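Using our numbering, read the sequence shown as starting at 25 and increasing by one per residue. Backbone N, C-alpha and C define an ideal beta-carbon position, used for all residues, glycine too. Just so it is clear, the structure is predicted and the values come from calculations on it, not from any experiment. One structure below.
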Amino acid sequence: MFYGAVVWDPWLIVAQILCIQCLYYITLGIFLAILVGTRVSRMSLAYYFDYATVTASTVTGWCVIASFMLSSVAGAGYLLYMVERAKKCLDFSATLYIVHLVICIIYGGMPSSITWWVVNVTGLAVTALLGEYLCIRRELREIPITRYRSSKSRPLHGFDRLLQ
């Protein structure tokens, strides 16, 4: 991706938000199926969107918390590939969790559990900070420069010899 001339493309931004949101929920579903699905008789959307399921008082609640935390780590990886810029990671992470908050409010009302807020704010921080870290590492990688002439085609003199 060329970063010089930035063109504001709202359709690209909306597509990135939708992709990140969908990938986050798919990943959350996989982790919930692995960690929570083995403990309960029936999975439901409550484990995604009901704040009452995010609790530290039961083993199942801890599995839900672990699923959210693992999904936030995966979300950082999605930011690396979908957004590709460190300075945009906080924006997209905040959007992800704000949309999640709105869906949770629509599904089960305003979250009143302190555990839910701690898990989601921590997840936001993990997603944003780890995403920024990964994007910065990618941005700071050395650009490989290949030699178009082989060393056998001409003798090395002066500065070229130092580079070898």
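Whole-angstrom distance between residue j and residue i, CA atom to CA atom
i           : j           : result
residue 124 : residue 73  : 8 Å
residue 167 : residue 117 : 28 Å
residue 57  : residue 94  : 13 Å
residue 149 : residue 66  : 31 Å
residue 106 : residue 81  : 36 Å
residue 192 : residue 84  : Any answer about residue 192 is impossible in this case: the structure gives the chain only from 25 up to 188.
residue 126 : residue 36  : 22 Å
residue 111 : residue 39  : 18 Å
For residue i, the three-state DSSP class (helix, strand or coil)
i           : result
residue 97  : helix
residue 119 : helix
residue 79  : coil
residue 84  : helix
residue 170 : coil
residue 136 : coil
residue 165 : coil
Local Cβ density within 10 Å of residue i, reported as buried at 16 or more and exposed below that
i           : result
residue 62  : exposed
residue 165 : exposed
residue 163 : exposed
residue 142 : exposed
Query - Any alpha helix (DSSP H) of 4 or more consecutive residues that is wholly inside the region 33 to 68 - result: 34 to 59
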